[in-house]
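Asks: The sequence shown begins at 648 in our numbering and counts up one residue at a time.
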Amino acid sequence: MMAGSQWELPPELCCRPMAFVALTGLDVIYNAVHRAIWDAFCANRRADRVPISFKVLPGDHEYPKCRTKRTSYEWYIPKGILKTGWMNKHLNLVPALVVLFYELDWDDPQWKEKQSECATRVEIVRTSLQGRNTKVAVVLIQKKTPLPPGEDLVASERASALCNSCDLSGKSLFVLPHTDHLVGYIIRLENAFYEHAQTYYYTEIRRVKSHKEFLNKTTHQLLFVRHQFKMAFLSELKQDTQNALKYYRAAYSLVHELRAHETNMLEIKTMAGFINYKICRLCFQHNTPLDAIAQFRKHIDLCKKKIGSAELAFEHSAWMSKQFQSFGELFDEAIKLGLTAIQTQNPGFYYQQAACYSQDRKQMAQQLCQAGTTYPSPDPLDTQSGGLDFYGQRPWRQGHQSIDPTDPEKEKMGILALQIKERDVPHSELIIALLSNAVAQFKKYKCPRMKSHLMVQMGEEYYHAKDYTKALKLLDYVMCDYRTERWWPLLTAILTTALRCAYLMASVKDYIIYCMELLGRASTLKEEQKSRIEKNLFKVLMNKVPEAEAECDPSSVSTARSLWSDRMALSGSNELTVEMQDYIPFIQCKARFQSPSFHVDQPIQLQVFLRADCPHPVSFTKLSVSLSNQEYNQWCVVEPSGPETRTLSPWKPEGYSFSFVARTEDVGRKVEITGVEVMLGSDGGRCVFLSWRGAGGDAASTQEALQASRSSRRWGRGAETRQEPDWDSVTLQHSTMIISRVPKISVQLSHQPPALSNEMYRIGLTVQSQEDAVARDVRLTAGLKPGQEAGLGQNTHVTLDGSAVCDDSAPALLTEVPLGDLKPGEQLQTCVFVRCVSTGPRVFLFHVAYSIDTAVEGRRIVCRCHKDETVAVETVVPFDVSVKFVSTKFELLEQVAVDVPFLLMTDVLSSSPWPLLLGSSQLQLLTVTSNTPQLQSQLQQVVLQTGEGASECFCLRVPPGASSNSTMATGQYILSWRRKCCGSDGPLIQTTVPLPHVVLESVPLYIYADLPSFGRVRESLPVWYHIENRTAQLQEVEIAVDPSDAFMFSGLKQVRLRVLPGTEQTLLYNFYPLMAGYQTLPQLSLSLPHCPTASGTALRRFLPQRIFVKPQGRQADDASIAAA
648 MMAGSQWELP PELCCRPMAF VALTGLDVIY NAVHRAIWDA FCANRRADRV
698 PISFKVLPGD HEYPKCRTKR TSYEWYIPKG ILKTGWMNKH LNLVPALVVL
748 FYELDWDDPQ WKEKQSECAT RVEIVRTSLQ GRNTKVAVVL IQKKTPLPPG
798 EDLVASERAS ALCNSCDLSG KSLFVLPHTD HLVGYIIRLE NAFYEHAQTY
848 YYTEIRRVKS HKEFLNKTTH QLLFVRHQFK MAFLSELKQD TQNALKYYRA
898 AYSLVHELRA HETNMLEIKT MAGFINYKIC RLCFQHNTPL DAIAQFRKHI
948 DLCKKKIGSA ELAFEHSAWM SKQFQSFGEL FDEAIKLGLT AIQTQNPGFY
998 YQQAACYSQD RKQMAQQLCQ AGTTYPSPDP LDTQSGGLDF YGQRPWRQGH
1048 QSIDPTDPEK EKMGILALQI KERDVPHSEL IIALLSNAVA QFKKYKCPRM
1098 KSHLMVQMGE EYYHAKDYTK ALKLLDYVMC DYRTERWWPL LTAILTTALR
1148 CAYLMASVKD YIIYCMELLG RASTLKEEQK SRIEKNLFKV LMNKVPEAEA
1198 ECDPSSVSTA RSLWSDRMAL SGSNELTVEM QDYIPFIQCK ARFQSPSFHV
1248 DQPIQLQVFL RADCPHPVSF TKLSVSLSNQ EYNQWCVVEP SGPETRTLSP
1298 WKPEGYSFSF VARTEDVGRK VEITGVEVML GSDGGRCVFL SWRGAGGDAA
1348 STQEALQASR SSRRWGRGAE TRQEPDWDSV TLQHSTMIIS RVPKISVQLS
1398 HQPPALSNEM YRIGLTVQSQ EDAVARDVRL TAGLKPGQEA GLGQNTHVTL
1448 DGSAVCDDSA PALLTEVPLG DLKPGEQLQT CVFVRCVSTG PRVFLFHVAY
1498 SIDTAVEGRR IVCRCHKDET VAVETVVPFD VSVKFVSTKF ELLEQVAVDV
1548 PFLLMTDVLS SSPWPLLLGS SQLQLLTVTS NTPQLQSQLQ QVVLQTGEGA
1598 SECFCLRVPP GASSNSTMAT GQYILSWRRK CCGSDGPLIQ TTVPLPHVVL
1648 ESVPLYIYAD LPSFGRVRES LPVWYHIENR TAQLQEVEIA VDPSDAFMFS
1698 GLKQVRLRVL PGTEQTLLYN FYPLMAGYQT LPQLSLSLPH CPTASGTALR
1748 RFLPQRIFVK PQGRQADDAS IAAA
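1) Using only the alpha-carbon positions, how far apart do E914 and Q1040 sit?
2) Entirely within the stretch 1114 to 1185 and at least 3 residues each: give me those beta strand (DSSP E) ranges in chain order.
3) Which full runs of the alpha helix (DSSP H) of 4+ residues lie inside the stretch 975 to 1045, going along the chain?
4) Taking the alpha helix (DSSP H) that D686 falls in, what are its first and last residues?
5) Using three-state DSSP, classify A939 as helix, strand or coil.
6) Using the C-alpha atoms, what's the distance from M918 back to P657?
7) Whole-angstrom Cβ separation of D1313 and I1385, contact assumed at under 8 Å?
8) For Q1088, which of helix, strand or coil comes out of DSSP?
9) Tell me whether the beta-carbon of A621 lies closer than 7 Å to the beta-carbon of I922.
10) Determine the direct distance from the alpha carbon of D1692 to that of F1549, and round the result to whole angstroms.
11) Count the CB pairs spanning the stretch 1250 to 1263 and the stretch 1518 to 1529 that are closer than 8 Å, and state whether there are at least three.
12) Would you kindly report the start and end of the unbroken alpha helix (DSSP H) that includes I834?
13) If M1011 sits next to F961, beta carbons under 8 Å apart, how far is it from one beta carbon to the other, in whole angstroms?
14) With three or more C-beta pairs closer than 8 Å as the rule, is the stretch 1143 to 1155 touching the stretch 1204 to 1224?
15) Determine whether the beta carbon atoms of L820 and Y848 lie at a separation below 7 Å.
16) Tell me, to the nearest whole angstrom, how far the beta carbon of F1305 is from that of C1283; I am working on the premise that it is less than 8 Å.
17) Restricting to Cα atoms, I'd like to know which of G1487, K782 and Q1587 is closest to S1567.
18) The beta strand (DSSP E) that contains V703, what's its start and end?
19) Buried or exposed for A1771, please, with buried defined as at least 16 other CB atoms from any protein chain shown within 10 angstroms of its CB.
20) Relative to the alpha-carbon of A808, which residue among I1508, L1731 and K761 has its alpha-carbon at the smallest distance?
21) Tell me which residues share the same chain as R1423 and place their Cβ nearer than 6 Å to its Cβ, disregarding the 5 neighbours each side in the sequence.
22) Count the C-beta pairs between the stretch 1548 to 1565 and the stretch 1523 to 1539 that are closer than 8 Å, then say yes if the count reaches three, no if not.
23) If you scan the stretch 1451 to 1483 from start to end, which runs of the beta strand (DSSP E) of 3 or more residues do you find wholly inside it?
24) What are the partner residues of M1695, as DSSP defines its beta bridges?
25) How far does the alpha helix (DSSP H) with K859 in it reach, from first residue to last?
26) Quick one: using the 10 Å Cβ neighbour count with 16 as the cut-off for buried, is A1451 buried or exposed?
27) Along the alpha helix (DSSP H) that carries A743, what are the first and last residues, could you check?
28) So, under 8 Å CB-CB, G975 and Y997 are touching, yes? Tell me the CB distance rounded to an integer number of Å.
29) Return the Cβ separation of T1294 and P1264 in integer angstroms, given the expectation that the two are a contact with Cβ distance under 8 Å.
30) Just to confirm my understanding: we take H825, look at its own chain, exclude 5 residues before and 5 after, and list those with CB closer than 8 Å. What are they?
31) Use the C-beta contact count for N1183: other C-beta atoms within 10 angstroms, 16 or more gives buried, fewer gives exposed.
32) Relative to the C-alpha of A1597, which residue among D1527, V1640 and Q1712 is closest?
33) Closest by CA to E1222, which one among S1242, V1414, V1187 and P1193?
34) Going by C-alpha to C-alpha distance, which of D1128, G1440, C1003 and Y1110 sits closest to L1146?
35) Among the residues of its own chain, which have a CB less than 7 Å from the CB of W654, if the five just before and after it don't count?
36) Assign S1485 to buried or exposed, taking buried as 16 or more other Cβ atoms, counted over all protein chains shown, within 10 Å of its Cβ.
Below is the structure:
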């Protein structure tokens, strides 16, 4: 067995034990029926089918011979614990059941002959199994579907006869009809076979257990372990995993009770490892992972110090590595089947520990396995059988159980052979595979630092295995994390290994990058080491071969030198570009604009600071800055003329200033630093362009800037006394805004807030020039400032014409209104009129732009300047208008009677802080008509101060013919007004107020009175009552006059009269007032016998109730009249 593979667990140990059933009598190659039966047994086996391992064997197959049963163990000395072929024998060679398939129908005409042939075949199988407890069964392949039991008497008789001739019990004879339901019959057969196999393994376990009474603990300790292992394994074949776990635990305890010495240490550890594997596997299978972990920890604690021979100490590390690897695989397999793992307990830790022991194995092999020795002859590891008889024994002393070896010389040769074979083991490959498994697990469970740590180890193993490309790829990937987390010592160690890889590969670019980073501020190397690396770097820049890195393999160094020589001899491109943003190089760069913004008539100032962090001065050939507008790049270059170079002193910042004039087209745009590039080397050697994206900075700059800002806040800057800039206080300013030239004009606004809704609000604008030259092409943009509340744009209108009210088509913002030229010191004035339809606050923008000629650093440019002024204006309602309908007695009406006069009252209340001039008012009636010949405004040229009101009254009538109980629109009230202070030339604003709708009603009888406007005490007061019938029927009216204390009267006190349809009756009464003042008139009581719905109160509402009575006057003479 090879030294590299002897630690692999045997496959028969790792597989799931299943009952072995041999099938004979099937010709699966030439017989289609037999092939279909075999496929039904083996193809597409689901998890719910019984665990059986089937194998087709010929009828005369020779099974392993059974040894003679031992009747006594008195003089028996065991040679080992477990034979290497025992598990395979019971898994694949010795069946629990042999099934003979035979084609025979119950009604076969040659029944006797075939019955005899079947019995012969059964006897042949039994003969080949002589001494075994293996069960034998017969399956008859039939063409017809059998009848239910008890109905086919012939079948019952012949089945009994066949069992007798074959010496079979009735439970061992089966019938398999070859029909459409073949798979169903096969599954039933399987279940029967499984029961037979269970019986066989139960018998075997009882047989092994019976040996215990013949054993003693003095000479048969190995047998105790062997028998417990066998019972456990047979229990697994029986699928009794609980008892199997119990037997394995007993075997594990017994194996550690064996006396251990150097000659049997390997065998004890091997068996302990086997049994531990089985225990852990069953614990995971029983879903008790904590028991599995506890068992494994116990196993490691018991075995980690059982090293064995010191000359073969690497074997112990290899064995320990395999234990951790196997447990990790079991753990991972259980997780795939549904077990939940966590960050702190996952398979990655076991793979990692396995890798650690493999690394120990590699180190011990390097120490113990000396090169130069020859392999011994004859081969002490060669055996006659080609393999070991017992697990864990040495090939040159198999079966030897004493403490001292039988032949010291042979022992020595055997150890030497193992050492020589260990030299050929690919240790790095084993370690890398284990580390790779661990990395995958830690990545799965989100453990980034563990993943990075193991990837570093993988990279180092690739380096030791001389696979420098993969080593560099892994190390380069991990370095990003260590740069971000600022692990400088770890980063330095990784960079050192990466530099060796780059040197041995002769990778020029990688070598330059890692040299630069090892010279930088993140490197923890000593000064002399940095000096050596810097010299090598400049050798490469001068196209020379660098010196070899320390601790490199000598054979690899000679190969690397020849590779470097080939690289330097190439006449191809010697230019390299290195992106500095991803590294921490030895040259730091910071660029900034001196201001976040510059006016277009100012030169833009840009500074670049460089600092070298290496031990010796560094020279560079060129410095260039790239900007977002490439036209400016030509002004941002430092390139010494001729062969001269610029030098950076160690740790001393150097600043470089640039200045350029912005284009006028770039006003309002940002200019950004897109990159800074420093060129090292020369055209005669190798040119390396160090490129920083943006305004500089590298992988560590962000964190350093944060720390610098904290320290500056804590201790103060204190940089005023320094002659050179403080590097930490230099901040990046990667962009600047080019803004327009500062305007030298004044813009003044004059207005009288607040604005009144719908008025032409005047805002006066005065622009005065303070420029030294003519301001040409002055343009005004005025109106609603963009970006305000949605909807204001539709309710705001701006115009320059204030002579008339603008309509809704006027824009909310007037743009680019030309105002002409403006000479120095001159001023111009204009007015803007704003109409605000809705109330609320608004912000208005007045943007005055102009062009002017100016000079910047000797260059003539045309600058476009502008000045913005904004003003917030509140818009309020100028007045409130209230409208109501009243009767002729000034009583509020809820319903209006058809063809009866009523009054419309309007009240205008000023809420304006400015005096309002009411020009006129107008009624536009729709269905209602005026009760007077002509409607005249009563508010012409009325001036209202704040809080004052004005009212007017109109007498209206609903024309006859309108339907009652309906709603009717009356019209609208239009009011013309303006501010009093606007002068007579200001336009009048018309405000339209819609009049409320009225509800109509019809009256059957309309009664009204004609009487003087006042009476006089003891003077006759004539009153005419008019009664009008508005129905189509004759109406009888009963009228009675109620007495009053204030009047005497003459006329009919009670009367009954008839009023024809559409006609009118008149009654005359003379009232005689007795008292002065407002007096209640005698009231008429009215009733309509033929119209009970009309009440007297409703009919009487149109009549006056009171009248003013003057006292009785004297005859005034001329003198009294003159005095009055």
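All residues carry an ideal CB built from backbone N, CA and C; glycine is no exception.
Replies: In short, the structure shows the following:
1) 6 Å
2) none
3) 994 to 1015
4) A679 to C689
5) Annotated three-state conformation of A939 is helix, per DSSP.
6) 12 Å
7) 5 Å
8) Judged by DSSP in its simplified three-state form, Q1088 adopts helix.
9) Because the chain spans 648 through 1771 in this model, residue 621 falls outside it and cannot be assessed.
10) 31 Å
11) Cβ pair count under 8 Å is below three, so no.
12) L829 to K856
13) 4 Å
14) yes
15) no
16) 4 Å
17) Q1587
18) I699 to V703
19) Interpretation of A1771 is limited by its pLDDT of 38, a score under 50 that renders its predicted location unreliable; the figure taken from the coordinates is listed afterwards. Looking at its Cβ environment, which holds fewer than 16 other Cβ atoms inside 10 Å, A1771 is exposed.
20) K761
21) D1468 and S1498
22) They touch, by the three-pair rule.
23) With a minimum length of 3 residues, the continuous beta strand (DSSP E) runs that stay inside the stretch 1451 to 1483 are 1460 to 1469 and 1474 to 1483.
24) Y1719
25) No alpha helix (DSSP H) contains K859, which DSSP labels as neither H nor E.
26) exposed
27) First-last for A743: undefined, no H or E at that position.
28) Correct: roughly 4 Å between the Cβ atoms.
29) 5 Å
30) V680, A683, I684, I788, Q789 and K790
31) N1183 should be labelled buried.
32) Put simply, of D1527, V1640 and Q1712 the residue whose alpha carbon is nearest the alpha carbon of A1597 is D1527.
33) It is V1187.
34) Looking at the Cα atoms, Y1110 is the closest of the given residues.
35) A965, W966 and K969
36) exposed
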